[in-house]
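Heads up: the structure comes next, in C-alpha cells.
There are 2 protein chains.
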Amino acid sequence: MKKIEIVQNILQANESIAGQNKRLLDKHKVFAINIMSSAGAGKTSLILQTIARLKDKLNTGVIEGDVASTLDAEKVKDEATAVVQVTTRYMPENCTLIANNVSYALKNLPLEDIDLLIIENVGNLICPSEFVLGEHRRVVISSLPEGDDKPIKYPMIFADADAVVINKIDFLPYVDFDIASFQKTLRGLNPEVKIFQVSCKTGEGIEEWCSWLRGEIKASRSLVK
Amino acid sequence: MKKIEIVQNILQANESIAGQNKRLLDKHKVFAINIMSSAGAGKTSLILQTIARLKDKLNTGVIEGDVASTLDAEKVKDEATAVVQVTTRYMPENCTLIANNVSYALKNLPLEDIDLLIIENVGNLICPSEFVLGEHRRVVISSLPEGDDKPIKYPMIFADADAVVINKIDFLPYVDFDIASFQKTLRGLNPEVKIFQVSCKTGEGIEEWCSWLRGEIKASRSLVK
Chain W
1 MKKIEIVQNI
11 LQANESIAGQ
21 NKRLLDKHKV
31 FAINIMSSAG
41 AGKTSLILQT
51 IARLKDKLNT
61 GVIEGDVAST
71 LDAEKVKDEA
81 TAVVQVTTRY
91 MPENCTLIAN
101 NVSYALKNLP
111 LEDIDLLIIE
121 NVGNLICPSE
131 FVLGEHRRVV
141 ISSLPEGDDK
151 PIKYPMIFAD
161 ADAVVINKID
171 FLPYVDFDIA
181 SFQKTLRGLN
191 PEVKIFQVSC
201 KTGEGIEEWC
211 SWLRGEIKAS
221 RSLVK
Chain P
1 MKKIEIVQNI
11 LQANESIAGQ
21 NKRLLDKHKV
31 FAINIMSSAG
41 AGKTSLILQT
51 IARLKDKLNT
61 GVIEGDVAST
71 LDAEKVKDEA
81 TAVVQVTTRY
91 MPENCTLIAN
101 NVSYALKNLP
111 LEDIDLLIIE
121 NVGNLICPSE
131 FVLGEHRRVV
141 ISSLPEGDDK
151 PIKYPMIFAD
161 ADAVVINKID
171 FLPYVDFDIA
181 SFQKTLRGLN
191 PEVKIFQVSC
201 KTGEGIEEWC
211 SWLRGEIKAS
221 RSLVK
C-alpha cells in the first residue's frame, strides 16, 4: 500500500500545479493543447502543419517535451512565436511531461504574445495519460503503421482524449488498418471524442483539424473573463 | 532528494529480483530475451516469425506484457509452447514490465519444456530501459515509419541493447528513413550492438535474425553448467 500511496501523492501534487498552470494560461488568454502519441506518430509534423495553417490568425507557442535531444525544438523554432524545450532524461518521471515541467516552461514563454500553446509531450502512449498539465484540450495522435488495435491496448490515453488525430492516412494502401474498426473501439471508450483523419505529409485533413481547433479557441475565449 | 531515493530503491529491488529470475532460468537452461519497442513497431509479429522459424529446433515460451487486453497473447498462444499474459494497467509501474512480473510469470510457465523464453515488453521506448527482468539479451525493434531519429530521441534503450531489429524494411520506398544515418547514430551510442534489417510481413531478414539468436542460445548453453 505504501507504494500506491506515494503514487497517489505524486498525482495529487501534479493536479494542483496543473490547476495553477491553467489559471495562468486563462489570465493571459492562452489556449493550450497537450499532444500525445507513441514515438514517431507525427506530433512534430502536426505541430508544423498547424502553425503554418494558423500563422495569419494566431501566434503559437510550443513546449517541446523530449527524453533527450533538441531535434524537435529545432524543427519548430523558426515557425513558432516562441519555443521552450523540456528534457526529461534525468528527471524522476522521464517518460512524460508533468505539470511542474510546464510551470517552468510557462515562466520562459512570452504569454502576452501567444494565443495558442501547443505542448508536445514525450513519445509514449502510457505515462502521459496520468499527468494533466493545465491544458484545455488533450489530443492523441495514432498513425496507420502502428496498427488499428492501439485503443484496445492503450485504453487510458484514448478514453481521456478530447480529440484523436489519425495520422499517415496516405499509408492506407500499404498497411492493414481498419479505420471503421479503430473508430468503433475508440467511440466505445470515449463516445464524445472528435476524430480527424489527416496526412501531415500531403496536408490531407489538416484544414478540418485546424478549423476545429480555431472553434475550440473561440469558444474558450467567450468563457474566459 | 527523497523522490530520487525512492526511485533508486525501486530499481535496486528490481535488480535483485531480476537476478533471482536469471538464476531460475539458468537452472532450467532457458535462454530469455526481452523484446522492447514503441507501440506498433512489430514485437508480436517478430515473435510469431521467430517461433515459426525455430519451431523444429526449439520450444519457445512467451511472456506477454500489455497495459490492457490479451490481444497479443491470443495471437501467440497457438504457436508457442506456453504463454503467460501480464497486464500492467493497475500496477504502480504500468508503463513497463518489471522483474517481479516476470518472477510471477515464471512460476506459471513449464520451464522444463522451454528452450527459449521471449518476453514481449509493454510498447514504450522509455520505461523498459530502466528495468532489467533477468533476461540474457535485450532486443529493441525500431520500425521505418517511426523515423530514423529514434536513437537520438530515446538513447537509453538503444545504448543498452544487445541487438536492434530494424523492422518494416518493406516500407523503404514510402518513407524518409536513412538507414546509414540510423546505424551510425546507433553505433555511436552502442558500438557492439548487432543490427538486423527485417520485414516481418515479407519474411526478409528473419533468417539472419534467427541464426544470430540460435548462436546466442548455443553459446549460452556451453557457459551454463
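Chains as they are written, first to last, in the numbering used here: chain W, 1 to 225; chain P, 1 to 225. Heads up, the beta-carbon is just placed ideally off N, CA and C, and yes, glycines get one too.
Does any residue of chain W have a CB that is nearer than 8 Å to the CB of residue i?
i, result
"P/Ala-73", "no"
"P/Ser-38", "yes"
"P/Ile-47", "no"
"P/Asp-26", "no"
"P/Leu-11", "no"
"P/Ser-103", "no"
"P/Ser-16", "no"
"P/Lys-225", "Annotation note: pLDDT 48 at P/Lys-225 (below 50); position unreliable, no value reported."
"P/Ser-211", "no"
"P/Gly-205", "no"
"P/Gly-61", "no"
Quick one: list the residues of chain P neighbouring residue i, beta-carbon separation under 8 Å, in chain order.
i, result
"W/Val-7", "Pro-92"
"W/Cys-95", "Cys-95, Asn-124, Ile-126, Cys-127"
"W/Asp-66", "Lys-153"
"W/Ser-199", "Those within 8 Å of W/Ser-199 in chain P number zero; the least Cβ separation is about 12 Å."
"W/Ser-227", "The requested residue 227 of chain W does not occur in the structure, where chain W is confined to residues 1 to 225."
Identify which residue in the options has its Cα closest to the Cα of residue i.
i, options, result
"W/Val-7", "P/Met-156, P/Asn-59, P/Gln-183, P/Met-91", "P/Met-91"
"W/Ala-39", "W/His-28, W/Gly-134, W/Cys-95, W/Thr-202", "W/Cys-95"
"W/Ile-195", "W/Thr-202, W/Gly-203, W/Asn-167", "W/Asn-167"
"P/Asp-170", "P/Trp-209, P/Leu-116, P/Gly-205, P/Gln-49", "P/Gly-205"
"W/Tyr-174", "P/Val-139, P/Lys-201, P/Ala-161, P/Ile-114", "P/Lys-201"
"P/Glu-112", "P/Ala-80, P/His-136, P/His-28", "P/His-28"
"P/Ser-220", "P/Ala-13, P/Ala-18, P/Lys-22, P/Leu-11", "P/Lys-22"
"P/Arg-137", "P/Ala-13, P/Gly-65, P/Gln-20, P/Ile-33", "P/Ile-33"
"P/Lys-107", "P/Ser-69, P/Leu-125, P/Glu-5, P/Ala-82", "P/Ala-82"
"P/Asp-162", "P/Lys-57, P/Glu-146, P/Pro-191, P/Ile-10", "P/Pro-191"
"W/Gly-88", "W/Leu-54, W/Ile-114, W/Cys-127", "According to the sequence shown, residue 88 of chain W is Thr rather than Gly. Comparing Cα-Cα distances from W/Thr-88 to each of W/Leu-54, W/Ile-114, W/Cys-127, the minimum goes to W/Cys-127."
"W/Cys-210", "W/Gly-19, W/Val-132, W/Ala-52, W/Gly-42", "W/Ala-52"
"W/Ser-37", "W/Asn-9, W/Lys-75, W/Asp-66, W/Ile-114", "W/Asp-66"
"P/Leu-151", "P/Asp-26, P/Gly-188, P/Val-84, P/Glu-135", "The residue asked about is misnamed: residue 151 of chain P is Pro in this sequence, not Leu. Closest option to P/Pro-151, Cα to Cα, is P/Gly-188."
"W/Glu-135", "W/Phe-182, W/Asp-149, W/Val-102, W/Ile-141", "W/Val-102"
"P/Ser-129", "P/Leu-109, P/Tyr-154, P/Ser-143", "P/Tyr-154"
"P/Ile-119", "P/Asp-176, P/Leu-11, P/Thr-50", "P/Thr-50"
"P/Asn-9", "P/Leu-25, P/Phe-131, P/Ala-80, P/Ile-114", "P/Phe-131"
"P/Ala-159", "P/Val-193, P/Ala-99, P/Trp-212", "P/Val-193"
"W/Gly-61", "W/Leu-116, W/Lys-43, W/Ser-142", "W/Leu-116"
"W/Ala-68", "W/Asp-26, W/Ile-35, W/Leu-97", "W/Leu-97"
"P/Leu-186", "P/Val-198, P/Val-164, P/Gln-197, P/Asp-176", "P/Val-164"
Kindly list, in the order they appear in chain W, the residues whose Cβ is closer than 7 Å to that of residue i.
i, result
"P/Ser-69", "Ile-152, Lys-153"
With a cut-off of 8 Å, does the C-beta of residue i fall near any C-beta of chain P?
i, result
"W/Asp-115", "no"
"W/Met-1", "Low per-residue confidence applies at W/Met-1: pLDDT is 49, beneath 50, and the placement is therefore not dependable enough to give any value."
Starting from residue i, find everything on chain P with Cβ-Cβ shorter than 9 Å and list it in chain order.
i, result
"W/Ser-222", "None at all; the shortest Cβ gap to chain P is about 37 Å."
Any C-beta of chain A sitting closer than 8 Å to the C-beta of residue i?
i, result
"W/Ser-38", "Note that chain A does not occur in the displayed structure, where the protein chains are W and P."
So does residue i have its beta carbon nearer than 7 Å to some heavy atom of the ligand GTP?
i, result
"P/Met-36", "Although the ligand GTP was asked about, the structure shown includes no ligands whatsoever."
For this session: Just list the alpha helix (DSSP H) runs in the stretch 29 to 94 of chain W, keeping only unbroken ones of 4 residues or longer that don't cross its boundaries, in chain order.
Result: The stretch 29 to 94 of chain W contains these whole alpha helix (DSSP H) runs: 43 to 54, 71 to 76.
Exercise. When Cβ atoms are compared, which residues of the stretch 145 to 178 of chain W fall closer than 8 Å to chain P?
Worked result: Listed in chain order, the positions of the stretch 145 to 178 of chain W with a beta carbon within less than 8 Å of a beta carbon of chain P are Pro-145, Glu-146, Gly-147, Asp-149, Lys-150, Ile-152, Lys-153, Tyr-154, Pro-155, Met-156, Lys-168, Phe-171, Tyr-174.
Exercise. Could you give the uninterrupted runs of the beta strand (DSSP E) lying entirely in the stretch 130 to 218 of chain P, keeping only those of 3 residues or more?
Worked result: For the stretch 130 to 218 of chain P, whole beta strand (DSSP E) runs of length 3 or above, ordered along the chain, are 137 to 143, 163 to 167, 194 to 197.
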